[in-house]
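Visitor: If you want the numbering used here, it's the position in the sequence shown, counting the first as 1, plus 795.
The beta carbon of each residue, even a glycine, is placed where N, CA and C say it ideally should be.
Computed from a predicted model, the values in this text were never measured in an experiment.
A single structure is presented below for examination.
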Amino acid sequence: MITFLQSLVFGLLVGGVYALASSGLSLIFGVMRIVNLAHGGLMVAAAFLTYTIWDSTGLDPFLAIPLVCTVLFAVGCVLYQGVMRFAWRGGEASIILATLALAMIIEGVLALVWGAEPHNVTPSYVNSAFRVGPIVFPTVQAIGFVVACVLLGALYLLLNGTWLGRGVRAAAANPTGATLTGIRVERVNVATYAIGVALTGAAGSIVAVLAPFTPDSGDRWIGIGLAIVVLGGMGSLAGGLAGALLFGIAETMTTTYLSTAWATAVPFVVIIVVLLVRPQGIFGRAVRRDVMAV
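So, in structure tokens, the structure goes:
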């Protein structure tokens, strides 16, 4: 029983970080219907930036998150204005090609600047842990989970308690209607994309402490992010949270009761099973086939 509870807790801790890692992807898709294939590369870029700040100044990686988010927010604004708004007008094929090209460019730049060898941020407490009753909480995972929850809570408040959030939700529901009511959808899109990239940057800072990373680590993270977004329901932040927690629990339970060799495959099997029962995802909305065919 203790082993099960320990695995469950660890799965929730990992799932919280996965939820933050996929939130930017889900937010951008929910508003602009953009599948941002550069998501993984941007996360790894944030991890390398966190490493550089920590290695150069000794600043705790979690304290570096506001700085990393600020930099990634600016990068998101530049990428949207310089690439995404033009690709968006060309339709889905242009978006996919543009974001794929960005992902490849980012990976190449990271390899050129930092090299291909693995990097890792290792603060003094990286191997420490604490107990709550019989359950052991690794310090780094616990802090990462708390930070992820705080940022996801801030995103919820932003979307539900501010004028910008109302504009984002209106643009996601009906861009044409939002424009007719006076909402400047283009500005909302810029802010949405930049916020999504900033959240990705925060996740990259946490991931930099959790595991070694290389310039091509983005391939793994875009795979996980897309899997979680599809599992939760495309564009649903609540669904993304549920999907991420389920994904994290499936991964840790597999490691505990089967083998680490199966830890990558089994969560995706769980996703397939869920989608067979509910094709639109956990919180997704079903779309009428006759409407899709029109």
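Residue ranges of each alpha helix (DSSP H) run of no fewer than 4 residues wholly in the region 841 to 879, ordered along the chain?
Guide: With a minimum length of 4 residues, the continuous alpha helix (DSSP H) runs that stay inside the region 841 to 879 are 860 to 874.
Visitor: Can we say the region 1035 to 1051 touches the region 919 to 934, given the rule of at least three CB pairs closer than 8 Å?
Guide: Contact between the region 1035 to 1051 and the region 919 to 934 is absent, because fewer than three Cβ pairs lie under 8 Å.
Visitor: Please state the DSSP three-state secondary structure of I1023.
Guide: Helix, per DSSP.
Visitor: Are the beta-carbon atoms belonging to P815 and L947 less than 8 Å from one another?
Guide: Inspection of the sequence shows that residue 815 is occupied by Leu rather than by Pro. Yes, the pair counts as a contact, with Cβ atoms nearer than the cut-off.
Visitor: Going by DSSP in three states, F1008 sits in which element: helix, strand or coil?
Guide: In the structure shown, F1008 sits in a strand (DSSP, three-state: E or B).
Visitor: When the Cα of M796 is compared with those of T1051, A998 and L874, which residue comes out closest?
Guide: The option with the nearest alpha carbon to M796 is T1051.
Visitor: Buried or exposed: where does V1072 fall if 16 or more other Cβ atoms within 10 Å of its Cβ makes it buried?
Guide: The residue is exposed, with fewer than 16 neighbouring Cβ atoms inside 10 Å.
Visitor: Ordered along the chain, which non-local residues of its own chain (more than five positions away) have a Cβ less than 7 Å from that of V963?
Guide: Counting only Cβ-Cβ distances below 7 Å, and skipping sequence neighbours, we find V826, L954, V983 and T987.
Visitor: So P1010 packs on L905, CB below 8 Å; how close in whole Å?
Guide: At roughly 4 Å, the Cβ-Cβ gap stays under 8 Å, so P1010 and L905 are in contact.
Visitor: Please confirm whether T917 and F925 have their CB atoms less than 8 Å apart.
Guide: Against a cut-off of 8 Å, the Cβ pair of F925 and T917 comes out as no contact.
Visitor: Taking V942 as the reference, which of I891, S1000, R828 and T971 has the closest Cα?
Guide: Closest by alpha carbon: S1000.
Visitor: If we ignore side chains and look at the alpha-carbon of each, how far apart do P970 and T1055 end up?
Guide: About 45 Å.
Visitor: Once DSSP output is grouped into helix, strand and coil, what is the label at P1062?
Guide: Of the three classes helix, strand and coil, the one that applies to P1062 here is helix, per DSSP.
Visitor: Are the region 867 to 885 and the region 991 to 998 touching, with three or more C-beta to C-beta distances below 8 Å?
Guide: The region 867 to 885 is in contact with the region 991 to 998.
Visitor: Take L907 as the anchor and find which of A840, L800, V1061 and V1002 has the nearest alpha-carbon.
Guide: Ranking A840, L800, V1061 and V1002 by Cα distance to L907 puts A840 first.
Visitor: Please classify L1021: is it buried, with 16 or more other beta-carbons within 10 angstroms of its beta-carbon, or exposed?
Guide: Buried, by the Cβ-count rule.
Visitor: Only counting the same chain, and skipping five residues up and downstream in sequence, which positions put a Cβ closer than 6 Å to that of V1065?
Guide: Excluding sequence neighbours, V1065 sits near A1045.
Visitor: Apart from the five residues on each side of it in sequence, which residues of its chain come closer than 7 Å, Cβ to Cβ, to I1023?
Guide: Contacts found: Y813, S817, G1035, G1038, A1039 and F1042.
Visitor: Within this structure, are the beta carbons of I891 and W883 separated by less than 8 Å?
Guide: No, these two residues do not count as a Cβ contact at 8 Å.
Visitor: How many Å lie between F824 and F799 at the Cα?
Guide: If you take the alpha carbons of F824 and F799, they lie about 35 Å apart.
Visitor: Go to I901, then tell me how far its beta strand (DSSP E) extends in each direction, as first and last residue.
Guide: That residue, I901, is in no beta strand (DSSP E); its alpha helix (DSSP H) goes E887 to W909.
Visitor: How many angstroms separate the CA atom of G903 from the CA atom of T976?
Guide: Going by the C-alpha atoms only, they are around 43 Å apart.
Visitor: So A898 and G996 are supposed to be a Cβ contact under 8 Å. How far apart are they, rounded?
Guide: Going by Cβ atoms, the distance from A898 to G996 rounds to 15 Å, so no, they are not a contact pair.
Visitor: Might you give, ordered along the chain, the residues of its own chain that have their beta carbon closer than 6 Å to the beta carbon of L1070, omitting 5 neighbours on each side?
Guide: Cβ within range, chain order: n/a, list empty.
Visitor: On a Cα-Cα basis, can you pick out the residue from T847, L808 and A1033 that is closest to H914?
Guide: Minimum Cα distance to H914 is reached at T847.
Visitor: Please classify P1074 as buried or exposed, where buried requires at least 16 other C-beta atoms within 10 Å of its C-beta.
Guide: Per the 10 Å Cβ criterion, exposed.
Visitor: Taking the alpha-carbon positions, what's the I1077 to M1048 distance?
Guide: Answer to the nearest angstrom: the Cα atoms are 20 Å apart.
Visitor: Between which two residues does the beta strand (DSSP E) containing F925 stretch?
Guide: Run containing F925: A924 to V927, per the beta strand (DSSP E) assignment.
Visitor: Could you please give me the residues that DSSP links to V980 through a beta bridge?
Guide: Bridge partners of V980: none, in fact.
Visitor: If A893 sits next to V878, beta carbons under 8 Å apart, how far is it from one beta carbon to the other, in whole angstroms?
Guide: Right, the Cβ-Cβ distance comes to about 6 Å (below 8 Å), so this counts as a contact.
Visitor: Who are the near neighbours of I938 in its chain, counting only those whose CB is closer than 7 Å to its CB and skipping five residues on each side?
Guide: Excluding sequence neighbours, I938 sits near F857.
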